[in-house]
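**Student:** Chains as they are written, first to last, in numbering that gives the first Met the number 0: chain W, 0 to 348; chain L, 0 to 348; chain E, 0 to 348; chain H, 0 to 348.
There are 4 protein chains.
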Amino acid sequence: MKKLRVAVFGGSGYAGGELLRLLHLHPHVEVTVATSEKSAGMPVSSVWPHLTAYSELVFDPMNTAALAARADVFFLALPHKAAQDTAAELIGLGKRVIDLSADFRLRNPDTYESWYQTPHTKRDLLAEAVYGLPERYRSRIRAARLIANPGCYPTSAILGLMPALEAGLVSHPEGIVIDSKSGVSGAGRSLQQGFLFSEVNDGFKAYGLAVHRHTPEIEQELSAIAESEIVVEFAPHLVPMDRGILTTIYAPLAKAVTLDDVHEIYSKRYAGEPFVTVLPTGQYPVTKNVRGSNHCHIGLQVNKRTGRLIIVSVIDNLVKGAAGQAVHNMNIMMGFDETTAIAGMGVFP
Amino acid sequence: MKKLRVAVFGGSGYAGGELLRLLHLHPHVEVTVATSEKSAGMPVSSVWPHLTAYSELVFDPMNTAALAARADVFFLALPHKAAQDTAAELIGLGKRVIDLSADFRLRNPDTYESWYQTPHTKRDLLAEAVYGLPERYRSRIRAARLIANPGCYPTSAILGLMPALEAGLVSHPEGIVIDSKSGVSGAGRSLQQGFLFSEVNDGFKAYGLAVHRHTPEIEQELSAIAESEIVVEFAPHLVPMDRGILTTIYAPLAKAVTLDDVHEIYSKRYAGEPFVTVLPTGQYPVTKNVRGSNHCHIGLQVNKRTGRLIIVSVIDNLVKGAAGQAVHNMNIMMGFDETTAIAGMGVFP
Amino acid sequence: MKKLRVAVFGGSGYAGGELLRLLHLHPHVEVTVATSEKSAGMPVSSVWPHLTAYSELVFDPMNTAALAARADVFFLALPHKAAQDTAAELIGLGKRVIDLSADFRLRNPDTYESWYQTPHTKRDLLAEAVYGLPERYRSRIRAARLIANPGCYPTSAILGLMPALEAGLVSHPEGIVIDSKSGVSGAGRSLQQGFLFSEVNDGFKAYGLAVHRHTPEIEQELSAIAESEIVVEFAPHLVPMDRGILTTIYAPLAKAVTLDDVHEIYSKRYAGEPFVTVLPTGQYPVTKNVRGSNHCHIGLQVNKRTGRLIIVSVIDNLVKGAAGQAVHNMNIMMGFDETTAIAGMGVFP
Amino acid sequence: MKKLRVAVFGGSGYAGGELLRLLHLHPHVEVTVATSEKSAGMPVSSVWPHLTAYSELVFDPMNTAALAARADVFFLALPHKAAQDTAAELIGLGKRVIDLSADFRLRNPDTYESWYQTPHTKRDLLAEAVYGLPERYRSRIRAARLIANPGCYPTSAILGLMPALEAGLVSHPEGIVIDSKSGVSGAGRSLQQGFLFSEVNDGFKAYGLAVHRHTPEIEQELSAIAESEIVVEFAPHLVPMDRGILTTIYAPLAKAVTLDDVHEIYSKRYAGEPFVTVLPTGQYPVTKNVRGSNHCHIGLQVNKRTGRLIIVSVIDNLVKGAAGQAVHNMNIMMGFDETTAIAGMGVFP
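1) Please report whether the beta-carbon of Asp241 (chain L) lies at a distance below 7 Å from any beta-carbon of chain E.
2) Any idea if Arg268 (chain H) is buried or exposed, counting beta-carbon neighbours within 10 angstroms, 16 or more meaning buried?
3) What residues in its chain sit with their C-beta under 6 Å from that of Gly150 (chain L), if we drop five residues either side in the sequence?
4) Per the contact definition of three or more C-beta pairs closer than 8 Å, is the segment 295-308 of chain L in contact with the segment 243-261 of chain L?
5) Nearest to Leu258 (chain H) by alpha carbon, out of H:Thr280, H:Pro78 and H:Met240?
6) If you drop the 5 nearest sequence neighbours on each side, which residues of the same chain put their C-beta closer than 8 Å to that of Asp336 (chain H)?
7) Of all the CB atoms in chain L, is at least one closer than 7 Å to the CB of Gln192 (chain W)?
8) Would you decide whether Pro60 (chain E) is buried or exposed? Buried here means 16 or more other CB atoms lie within 10 Å of its CB.
9) Mind pulling the chain E residues with CB within less than 7 Å of Thr276 (chain W)?
10) Counting contacts by CB-CB distance shorter than 7 Å, is Leu195 (chain H) in contact with chain W?
11) Just mark Lys303 (chain H) as buried or exposed, buried being the case when its beta carbon has 16 or more other beta carbons within 10 Å.
12) Lys1 (chain L) to Gly159 (chain H), Cα distance in whole Å?
13) Under 8 Å by Cβ, that's how I've got Val199 (chain H) and Phe196 (chain W) pegged, so tell me the actual separation to the nearest angstrom.
14) Under 9 Å Cβ-Cβ, which residues of chain H neighbour Phe103 (chain L)?
15) I need the boundaries of the alpha helix (DSSP H) containing Glu88 (chain L), first residue and last residue.
16) Could you give the distance in angstroms between the alpha-carbon of Ser38 (chain E) and the alpha-carbon of Arg144 (chain E)?
17) Going along chain L, which residues have a C-beta under 7 Å from Pro48 (chain W)?
18) Tell me the rounded alpha-carbon separation between Ala186 (chain W) and Glu17 (chain H).
19) Taking the alpha carbon of Glu127 (chain E) as the reference point, which residue from E:Asp109, E:Ala86, E:Lys180 and E:Thr154 has its own alpha carbon closest?
20) Consider the Cβ of Gln300 (chain W): report whether some Cβ of chain L lies at a distance smaller than 7 Å.
21) With DSSP collapsed to three states, give me the class of Val346 (chain W).
22) Within the 7 Å Cβ cut-off, does Glu220 (chain W) reach chain L?
23) Does the count of Cβ pairs from the segment 310-320 of chain W and the segment 165-185 of chain W closer than 8 Å reach three?
24) Looking at the unbroken alpha helix (DSSP H) that takes in Lys94 (chain W), where does it start and where does it end?
25) Tell me which residues share the same chain as Glu272 (chain W) and place their Cβ nearer than 7 Å to its Cβ, disregarding the 5 neighbours each side in the sequence.
26) Would a C-beta distance cut-off of 7 Å place Ala70 (chain L) and Ala166 (chain L) closer than the cut-off?
27) Could you tell me whether the Cβ of Ser378 (chain H) comes closer than 7 Å to any Cβ of chain W?
28) If the cut is a Cβ gap below 8 Å, which residues of chain E does Gly174 (chain H) touch?
29) Relative to the C-alpha of Leu22 (chain H), which residue among H:Ala67, H:Phe194, H:Phe73 and H:Asn62 is closest?
30) Have a look at E:Lys204, E:Val326 and E:Thr247 and flag the residue whose alpha-carbon is nearest the alpha-carbon of Arg242 (chain H).
31) Under 7 Å between C-beta atoms, does Ile309 (chain W) make it to chain L?
32) Between the beta-carbon of Phe8 (chain H) and the beta-carbon of Leu56 (chain H), is there less than 7 Å?
33) Using a C-beta to C-beta distance shorter than 8 Å, which residues of chain H count as neighbours of Ser11 (chain W)?
34) What residue range does the alpha helix (DSSP H) around Glu159 (chain L) cover?
35) Compile a chain-ordered list of the residues in the segment 214-238 of chain E whose CB is closer than 8 Å to at least one CB of chain H.
36) Report the start-end ranges of each alpha helix (DSSP H) in the segment 242-296 of chain H that is 4 residues or longer and not cut off at the edges.
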């Protein structure tokens, strides 16, 4: 079988490096293009010493027009805003695009402009972009030309709440609190004092309270699931670890349910999903169990004293929260087995 | 001046070791007794290689009657339940006791028995025990014979919420969510697979959801401050770091207030406190900034979209959350300068 | 194609867990048996929450006779000494065995008995056991019934020194110093205070100086390569990280050679090896670049001032240092493509 | 008693921050000046949130002439080369200077120029500068105007080897190998990709092999002690931890000695030293035991098989390896009790 030619735009950031790592394991795919502005002209393996297999692939500088002919599917691991034009140009050339930035995630461009403080100039494309969460939009992904690959925090929050909202378990949704904790790779590879080892190690902190840009993305999807507008309290934190997001969700229960009831609802909802595991009651998920893998683990608790459902979900922010979910989307779009190249389980310990 | 003779009962756990470290810096105090069951007969410095100064102090086995004469003030770093009898015996002998266990923290012994699943046999002593949070009970601590040194999580939660509750900022308190994250030393030094380095490092997890024993302690103190019963959602998590607790508190606001208003209330409340710092608005606390120190840092945010006050407080669980606060209580009881031996700032990085 | 049935004896330790993780990715293999004394009767996925795919495989208690019929190839991830009888019994039943313990690594049983302080009762089997370092013994591995899978430290040391010794670059070999640093998973999953997170994190230490049991294994193989007896100074250290060994080797040069000369010798020696990469001069290896992978990276330096060759090699102790190399050996024995199931590159960051 | 006025030049780096932390605990000292180029005009406590006590001290820009009058003793935590002029100017004004850079450590300015690749323009001052290792130069420190505070690696290496060299235990000193491992704070606070948390965490690496600038400093002092020229193999490594250096030293023995002999020699040599502890035989030092403290712990082993003495020494690179040793030097120069402000033991865990 002739291999699918794929390109990774933005290959020298952590999400781009992870795409390259995973795509190397894909038997039906060949990475023909990888771009990097600052490392243009250098072999991938000298920029990423762990990617020894890419000793002959050399980073190209960004030039969409020139590179378009060399691949069929394009992964965009570019900063938000930069992806708008690139995606539009590639779609115009008949290519399929999986965009890991935030540029096509928010259906309402005004919301985008308000939270991201930058204009959205490709509003027409928003209509056809599909939010790439396979557990919710699998059939639409199959036919999509443009995938808006979900954010890392939203992936963990939405997978955590979806079954409860679908089943009507949650009352007055303004009471939902989403407290997320992320590993440091989520901050990317940019040089900031706050991400130096000596600043981060053996410490913990909160950031972006009340203003984090993943908030509207979470609210959009939860509202769509609940079919009513949901406003959430979303609070991110930074954990001294490489990878992983753990999201603790506090949701007021609409009615008296037992933990077993809830567990059954969740287990049924995700029964056929290759990448979501609902843990037995009494067990809570640990980020380390999904490190390096595309899996999401979910743990549940019902607090009778407070009338709340507590949901804990974990993912690897660079895999299920970025590159792995992007490959999953590609597999669905191309009709490959869904788990190809991303079947690996967590690297523990 | 003749030095005060102090004893550390339970000196081979982390809180006990920290007591020994801090007390060594105290010019008015001499540690004359340290106990350890498993290390009885060994010099402290061979059990704790970092405590080189204690090469001549040898761990005694527990024997309250025999050891009572050798000290004036007794720190109990024993497991809960074990402290009940020991404290009673020492008080009976006219000694002053600072108990780091949970045995005398809950005023209602039935609550204690229900959450700790063990009888409380010293109910009479509960009446006189003083909850050793200096920022709230300073004057009572001065005269106390028996201090119930606060738990680590409760210290961070109560200091975080106290000014807001006192000022009536929080409405329908059943909406309060307290999401805490602790370093691993909080789990003590016991041998459990879940606390092995390879299990914990580079990972993050939740535990004890809805059932953690610090819940009633938090509720007792918050209710006393608010002068009405408060039930909280308290959820602890484990961070791959040695020390530190960061508590994120979500509290529904009773009225529209600005962040500046709240900041002023907090700053005034803690103006004279040597160990509590309210950070400038826009800045959030980092556990690493209080590592090894007795300080509590508090950061604030108001989310207008959700009508919530968000409070973030950090402490070092072994210092302000245990040994340091205990020494603070001793300083107050004995009329020493309050910061003696605990004036050190955080060891950063 | 009918799948090869494989068994993992000792599946609840870290090496056993890693075998299960890797074997799941193998298209020609089915794990039919996994044993664990303490977890017998429990599903693998409840003992190892990261191994979600093994929800139907249940741990058996050890019983070689009863389990022998259920598999064709047996991986022994048992403590040393325990493997002696088990391997002999399985070989007697016509099975093929890959032993990850030290029991069949030392050709001289007296050396074994002296360093391991336990009798060797299967001396006859030693003669046919093949030391499973594919880069040196590939052809013998192909025909072997019993593989002695190399130790983690020896793998890193031997791969680091082999080209230099083969090329006669090293003079008076008594001057060789091997300073190794290992992640904590190398210590296994046993409950010891010294491996608690709070004891290890943010610290570093040496151990086993002059007496570590991997010393004779290193000396045996280096002596065989050099064709003269070599005595080494081997010193292991513990790094606060999960996985990885970095070995720094100091070897007196026999003659004046340039770094480029040495680099060429190493590059040629490992040119065809799928799992060994000699880094460009000026670049040193990082354990994190091989985390979770079967790769070995080697960096080189020549110190003209001291007349020494300095070699730095890194591996993942659980993969190339244990489970990955074991799967590599199985692939060679069975005629599978050598990289099957272990082609994954390092999980970075 | 009127307090001594001290200045910290370069107060926004890690060594500078640590000086401020320690000096705050000094009863006879007042910090009247702290400089920082990039943070000039900002309160120290806003640049260093852990240094809450410095809310009123504001960082000055560097201006030696203008600041000289405001202090009596000057700590220079500036980059090498920058300290040359500043120190000379201050000495010319009659001030006492403790320089934490490398500028006055090497007695031979040609050696300095060769290793640091920059001219030395204050050669006359070199003659009077005293290498500030109290355990060797205490009496000269007392009278010094200019202290060259030792480097972190050299401190650990020299303290480790001094007793053995003084006692003539080491033969053919060209055989000495010094393998050092340092926490990341040793790299300072500069923004480099290689020091980002995600690059460093859970990994280990070597760097600067054969070319590290601390090599000539180590050789100078060891040669002086041995009274013959010593060339060493010095190899630094980076450990994923905040603080701490562990140095493993391999030294060929001149004669057959027992471990007990060596232990006695070391114990006697350091008997009166407040900051050096020789551990009991069989025990090796752990960096975490000296974290945040000015202590050095030394462990010993004799390998009869190889005829080598193995010495392991640990220090906190920011304290005994920088700021703490600087304060120690000040205490000696000023006649204060030597342990004032630096008596604290390690913060463990």
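Cβ coordinates follow ideal geometry from the N, Cα and C atoms, glycine included.
**Tutor:** According to the structure shown:
1) Position 242 of the second sequence holds residue 241 (chain L). Interface residue, yes.
2) The residue labelled residue 268 (chain H) in the question sits at position 269 within the fourth sequence. Arg268 (chain H) comes out buried.
3) For the purposes of this step, residue 150 (chain L) is taken as the residue at position 151 of the second sequence. If you ignore the 5 residues before and after Gly150 (chain L), its C-beta comes within less than 6 Å of the C-beta of His213 and Glu216, all in its own chain and listed in chain order.
4) The segment 243-261 of chain L makes contact with the segment 295-308 of chain L, as at least three CB pairs between them are under 8 Å.
5) As a working note, residue 258 (chain H) is residue 259 in the fourth sequence. Measuring from the Cα of Leu258 (chain H), the nearest candidate turns out to be H:Thr280.
6) On the fourth sequence, position 337 is the one that residue 336 (chain H) refers to. Excluding positions up to five away in sequence, the list reads Asn330.
7) Counted from its first residue, the first sequence places residue 192 (chain W) at position 193. No, Gln192 (chain W) does not count as interfacial toward chain L.
8) To locate residue 60 (chain E), count along the third sequence from 1; it is residue 61. Looking at its Cβ environment, which holds fewer than 16 other Cβ atoms inside 10 Å, Pro60 (chain E) is exposed.
9) The sequence position of residue 276 (chain W) within the first sequence is 277, counting from 1. Going along chain E in sequence order, the residues near Thr276 (chain W) (Cβ under 7 Å) are Thr51.
10) Within the fourth sequence, residue 195 (chain H) is the residue found at index 196, counting from 1. Flagged as an interface residue toward chain W: Leu195 (chain H), by a C-beta distance shorter than 7 Å.
11) On the fourth sequence, residue 303 (chain H) is found 304 positions in, with the first residue counted as 1. So Lys303 (chain H) counts as exposed.
12) Along the second sequence, one-based indexing puts residue 1 (chain L) at 2. Along the fourth sequence, one-based indexing puts residue 159 (chain H) at 160. For Lys1 (chain L) and Gly159 (chain H), the distance between alpha carbons rounds to 40 Å.
13) Here residue 199 (chain H) refers to the residue found at position 200 when the fourth sequence is read from its first residue. Here residue 196 (chain W) refers to the residue found at position 197 when the first sequence is read from its first residue. Sure, about 4 Å apart at Cβ, within 8 Å.
14) As a working note, residue 103 (chain L) is residue 104 in the second sequence. For a Cβ distance threshold of 9 Å, nothing in chain H lies close to Phe103 (chain L): the least Cβ distance comes to about 27 Å.
15) Along the second sequence, read from residue 1 onward, the residue named residue 88 (chain L) stands at position 89. It spans Ala81 to Gly91 - the alpha helix (DSSP H) in which Glu88 (chain L) sits, taken as one unbroken run.
16) Start at 1 with the first residue of the third sequence, and residue 38 (chain E) comes out as number 39. Start at 1 with the first residue of the third sequence, and residue 144 (chain E) comes out as number 145. Roughly 29 Å separates the two Cα atoms.
17) Here residue 48 (chain W) is taken as the residue at index 49 of the first sequence, counted from 1. The contacting residues do not exist; Pro48 (chain W) stays about 20 Å from chain L at best.
18) One-based indexing of the first sequence puts residue 186 (chain W) at position 187. One-based indexing of the fourth sequence puts residue 17 (chain H) at position 18. Distance between the alpha carbons of Ala186 (chain W) and Glu17 (chain H): 28 Å.
19) Here residue 127 (chain E) corresponds to residue number 128 of the third sequence, with the count starting at 1. The option with the nearest alpha carbon to Glu127 (chain E) is E:Ala86.
20) Within the first sequence, numbered from 1, the residue matching residue 300 (chain W) stands at position 301. Closer than 7 Å to some Cβ of chain L, the Cβ of Gln300 (chain W) qualifies, so yes.
21) By 1-based counting over the first sequence, the position of residue 346 (chain W) is 347. Looking at Val346 (chain W) - three-state DSSP - the assignment turns out to be coil, as it is neither helix nor strand.
22) On the first sequence, residue 220 (chain W) is found 221 positions in, with the first residue counted as 1. With 7 Å as the cut-off, Glu220 (chain W) does not count as an interface residue toward chain L.
23) Taking 8 Å as the limit for Cβ pairs, the verdict is that the segment 165-185 of chain W does touch the segment 310-320 of chain W.
24) Here residue 94 (chain W) is taken as the residue at index 95 of the first sequence, counted from 1. In the DSSP assignment, Lys94 (chain W) falls outside any alpha helix (DSSP H), carrying neither H nor E.
25) Here residue 272 (chain W) refers to the residue found at position 273 when the first sequence is read from its first residue. So the list reads Glu134, once near-sequence residues are dropped.
26) Indexing the second sequence from 1 puts residue 70 (chain L) at position 71. Indexing the second sequence from 1 puts residue 166 (chain L) at position 167. Against a cut-off of 7 Å, the Cβ pair of Ala166 (chain L) and Ala70 (chain L) comes out as no contact.
27) Within the shown structure, residues of chain H are numbered from 0 to 348, placing residue 378 (chain H) beyond reach of any answer.
28) Numbered from 1 along the fourth sequence, position 175 holds the residue referred to as residue 174 (chain H). Gly174, listed in chain order.
29) Along the fourth sequence, one-based indexing puts residue 22 (chain H) at 23. If we check each option's Cα against that of Leu22 (chain H), H:Phe73 comes out closest.
30) As a first step, residue 242 (chain H) is located in the fourth sequence; it is residue number 243 there, counting from the start. Answer by Cα proximity: E:Lys204.
31) Taking the first sequence and counting its residues from 1, one reaches residue 309 (chain W) at position 310. True, the Cβ-Cβ gap to chain L drops below 7 Å.
32) Here the question's residue 8 (chain H) lines up with position 9 in the fourth sequence. Here the question's residue 56 (chain H) lines up with position 57 in the fourth sequence. No, these two residues do not count as a Cβ contact at 7 Å.
33) Counted from its first residue, the first sequence places residue 11 (chain W) at position 12. In chain order: nothing, as chain H lies at least about 10 Å away.
34) Residue mapping note: residue 159 (chain L) aligns to position 160 of the second sequence, counting from 1. Residue identity differs from the one stated: residue 159 (chain L) is Gly in this sequence, not Glu. Taken as a continuous stretch (DSSP letters only), the alpha helix (DSSP H) holding Gly159 (chain L) covers Cys151 to Glu165.
35) Listed by position, the residues of the segment 214-238 of chain E near chain H (Cβ gap below 8 Å) are Val230, Val231, Glu232, Ala234, His236 and Val238.
36) As far as the segment 242-296 of chain H is concerned, its whole alpha helix (DSSP H) runs of at least 4 residues are 258-268.
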